[in-house]
Structures are given as C-alpha cells and as structure tokens.
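Worksheet: one structure, shown below.
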Amino acid sequence: MRNCREITRLCSEALERELTLRERVTMRTHLMICLPCRNFRTHLAFLRQAMRRYTEGKSGAGPDDS
Numbered sequence: 001m002r003n004c005r006e007i008t009r010l011c012s013e014a015l016e017r018e019l020t021l022r023e024r025v026t027m028r029t030h031l032m033i034c035l036p037c038r039n040f041r042t043h044l045a046f047l048r049q050a051m052r053r054y055t056e057g058k059s060g061a062g063p064d065d066s
C-alpha cells in the first residue's frame with residue numbers, strides 16, 4: 001500500500017496524463033480506505049473546474065471588461 005503523499009501525487013498526475021492500470025488500481029484502493037485522500041481528490045477536481053471556468057470567462061471578455 002502506498003502512502004498518502006504518493007497517492008495525492010497520483011491524483012494530481014491523473015489530471016495531466018493517463019495513469020497505468022497498476023497506478024489506477026493502487027490509487028482507487030487507497031481512496032476507498034482514506035478519507036483525507038478522497039477529500040484531496042475532490043478539492044483538486046473542484047479547483048481544476050473553477051480555473052477552467054475562470055479562464056473560459058476571461059477569454060470571452062472584451063478589452064473594457066476586467
């Protein structure tokens with residue numbers, strides 16, 4: 001079993017690349033038993049979505065819209 005530091009790293013990497021089968025199984029198994037890591041993954045997904053919406057809103061703004 002990997003520790004929380006390794007699992008949170010995998011959660012972050014999963015947003016940037018496709019994890020290997022072994023990494024996915026390891027991460028999911030750990031997430032089933034570890035509430036803090038599940039919370040981290042939830043917050044990470046929320047932040048990513050918030051930043052995506054923010055940048056999409058900025059790209060549609062005109063020169064006078066700040």
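Everything in the sequence shown is counted per the UniProt record's numbering, starting at 1 for the first residue and increasing by one.
Just so it is clear, CB atoms sit at the ideal spot from N, CA and C, and this is done for glycine as well.
In this text, all values refer to a predicted model and were calculated from it rather than measured experimentally.
- DSSP places CYS11 in the uninterrupted alpha helix (DSSP H) bounded by 4 to 14.
- Rounded to the nearest whole angstrom, the CA to CA distance from GLU16 to LYS58 is 22 Å.
- The Cβ atoms of THR8 and PHE40 lie closer than 7 Å to each other.
- Nearest in C-alpha terms to ARG2, of all of ALA14, THR29 and ARG53, is THR29.
- Distances from the alpha-carbon of GLU23 to those of CYS11, ARG53, MET32 and CYS37 put CYS11 closest.
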